[in-house]
Amino acid sequence: MDYTERLTLSYYKTIAVLNEAHQVFLVQHRQTDQICVKKVLSIYNPEIFRFLREHPIPGTPRILALWEEEGMLTVLKEYISGITLEERMRNAPLTPEEVLSYFSELCDIAERLHQCKPPIIHRDIKPSNIMLTSCGHLVLLDFNAAKSFHRPAAADTTRLGTQGYAAPEQYGFGASSPQTDLYAMGVLLREMSQSFADTAAGRHFLAIAARCTRLNPDERFASAEELKQALTSPLQEPEKQQDAAPLKKSSGKRSLLPP
Numbered sequence: 001m002d003y004t005e006r007l008t009l010s011y012y013k014t015i016a017v018l019n020e021a022h023q024v025f026l027v028q029h030r031q032t033d034q035i036c037v038k039k040v041l042s043i044y045n046p047e048i049f050r051f052l053r054e055h056p057i058p059g060t061p062r063i064l065a066l067w068e069e070e071g072m073l074t075v076l077k078e079y080i081s082g083i084t085l086e087e088r089m090r091n092a093p094l095t096p097e098e099v100l101s102y103f104s105e106l107c108d109i110a111e112r113l114h115q116c117k118p119p120i121i122h123r124d125i126k127p128s129n130i131m132l133t134s135c136g137h138l139v140l141l142d143f144n145a146a147k148s149f150h151r152p153a154a155a156d157t158t159r160l161g162t163q164g165y166a167a168p169e170q171y172g173f174g175a176s177s178p179q180t181d182l183y184a185m186g187v188l189l190r191e192m193s194q195s196f197a198d199t200a201a202g203r204h205f206l207a208i209a210a211r212c213t214r215l216n217p218d219e220r221f222a223s224a225e226e227l228k229q230a231l232t233s234p235l236q237e238p239e240k241q242q243d244a245a246p247l248k249k250s251s252g253k254r255s256l257l258p259p
């Protein structure tokens, strides 16, 4: 970090501690009063954050500035007002309509990331990393565990992610790919659908979740866009509902979802 960067960073004063353990702070520019989030990282992929700063992805926080020094990265990013999906699910059960809306938007965000060159794999999709804005839109947070996908891909050597959402390949059983994010999204979809699991919509969503969480990444959906199409098509065509139901039964033994 050079003198100019230190001077720029000094313009931001801390006004609140959002997460002391993870060094996340709410800061305010001393001259413009702009509110931002400052996060200090010890484990990170600088390539990811530089790319996101230069190529903002809709549905992710804008990266405003980066400072790197002595193995630490300070990220200044857009402040997103709202509640996390984790908080929303804790407050009240989700309806099928809400799940369809939220999850479809999440698929769109994941598809944009996976279409980057090289593709960006988030590797930590979970309710606490998804923000619901006051306008009702989704924002995917925290790219600490993210990596770029290159072919040929070697097996993951650094175990990052969250237990329960992390795919088998994140534990050294293969290489992370776009299907790694689809696995976590399958776990999430199952959780979001629990309150109406015994309905037609619930069975349909759970069948899709089962395919997302198959052990073999090649047996999951090919893309987030394909996942979104599977999510919405049968709901638009009721006569096809029965086509989706057998998937849950046939793939249940290969899922890592908790019972």
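Everything in the sequence shown is counted per the UniProt record's numbering, starting at 1 for the first residue and increasing by one.
Positions of the beta carbon are idealized from the N, C-alpha and C atoms, including for glycine.
- At the C-beta level, SER148 and GLU47 come within 7 Å of one another.
- The beta carbon of SER177 sits closer than 7 Å to the beta carbons of ILE121, PHE149, ALA153, PRO217 from its chain, once the five residues preceding and following it are set aside; these are given in chain order.
- By DSSP's assignment, GLY172 forms no beta bridge with any residue.
- The beta carbon of ILE80 sits closer than 7 Å to the beta carbons of PRO61, MET131, THR133, VAL139 from its chain, once the five residues preceding and following it are set aside; these are given in chain order.
- With distances taken between CA atoms, TYR102 lies nearest to LEU188 out of LEU188, LEU9, LEU52, GLU169.
- Taking one beta carbon from each stretch, the region 36-51 and the region 94-112 have fewer than 3 pairs nearer than 8 Å; the two do not touch.
- Beta bridge pairing from DSSP links CYS36 with VAL27, GLU78.
- Less than 7 Å separates the beta-carbon of LYS39 from that of VAL24.
- Here THR133 is bridged, per DSSP, to GLY82.
- Taking C-beta separations shorter than 6 Å and ignoring five residues to either side along the sequence, the partners of LYS126 in its chain run THR162, TYR165, following chain order.
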